[in-house]
Ligand code: AMP
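Numbering (our numbering), first residue to last: 1006 to 1223.
Below is the structure:
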């Protein structure tokens, strides 16, 4: 089973990706997380990643396709996963074409694309109050999902979660990623959800979609 979460930054894809993977036994592939993990090595390449990510621009397709293939290849030795959940990939038509061809080579195809819909004004509010725990990588929101009071978290704000950068990320989403909704609609795999409601309701909608696809809980 191959599932893609598609939607603008701040729509909650990362939070739901984590929940879905745990509940349904899917292997998570978040290209944003893979890039941030690489950034912690603190070498020249990590500096280049930080510089580009801080602008909100997309990384070159070849680099992103390569780290995705590496993540899939590394996961092939892990027998317990029932499929893959992509969060933040593909983001361009070229990436989706690449993914299609790569999956065809291992006898797989994209089974579902869940599209998160949320108004722009909510996105800015959500993103500027988003914080990540340096120790666990867990994502919190100071307003809607604060860390537990006894949490010994080391919270930080992502370099691209500022109001100035988010406007650019949104423009890029509209220009380069949103057209993928039509691309996948033609393949009849698109499922739309309202991501502006509280987490539990969005999760319920996702569960309904996955149960129709016969994806089983672990
Ligand atoms: P995310 O964590 O998905 O919001 O990604 C953070 C940043 O990493 C993006 O704004 C891009 O700069 C870069 N990035 C992540 N995934 C991709 C992708 N599929 N294609 C190009 N750039 C990406």
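Even glycine gets a Cβ: it sits at the ideal position worked out from N, Cα and C.
- In the DSSP assignment, the residues bridged to residue 1090 are 1008 and 1033.
- Taken through DSSP and simplified to helix, strand or coil, residue 1121 comes out as strand.
- Straight-line spacing of the CA atoms in residue 1214 and residue 1158 works out to 33 Å.
- In the DSSP assignment, residue 1145 falls outside any alpha helix (DSSP H) and within the unbroken beta strand (DSSP E) covering 1144-1146.
- If you look at residue 1066, you'll find it isn't in any beta strand (DSSP E); it sits in the alpha helix (DSSP H) that goes 1066-1080.
- One thing to note: residue 1137 has its Cβ no nearer than 9 Å to the Cβ of residue 1100.
- Checking the 8 Å criterion, the Cβ of residue 1152 is out of range of every heavy atom belonging to the ligand AMP.
- Comparing alpha carbon positions, the residue from 1143, 1202 and 1033 closest to residue 1079 is 1033.
- Nearest Cα to residue 1006 within the set 1013, 1047, 1051 and 1030: 1030.
- Residue 1214 is not bridged by DSSP to any residue.
- For residue 1136, the secondary structure class from DSSP, reduced to helix, strand or coil, is strand.
- Inclusion of residue 1019 in the 8 Å shell around the ligand AMP follows from its C-beta lying nearer than that to a non-hydrogen atom of the ligand.
- For residue 1170, the uninterrupted alpha helix (DSSP H) segment begins and ends at 1168-1177.
- Bounds of any beta strand (DSSP E) do not take in residue 1106; it lies within the alpha helix (DSSP H) bounded by 1098-1110.
- Taking 8 Å as the cut-off, one finds at least one heavy atom of the ligand AMP near enough to the beta carbon of residue 1094.
- Here the segment 1096-1115 lies against the segment 1065-1076, with 3 or more beta-carbon pairs under 8 Å apart.
- Taking the CA atoms as reference points, residue 1129 sits about 7 Å from residue 1171.
- For the set 1041, 1059, 1125 and 1135, the Cα lying nearest the Cα of residue 1020 is the one of 1135.
- If you draw a straight line from the Cα of residue 1181 to the Cα of residue 1094, it comes to about 12 Å.
- By the C-beta criterion, the segment 1082-1092 is judged not to be in contact with the segment 1059-1066, since fewer than 3 inter-stretch pairs fall below 8 Å.
- Residue 1064 has its CB nearer than 8 Å to a heavy atom of the ligand AMP.
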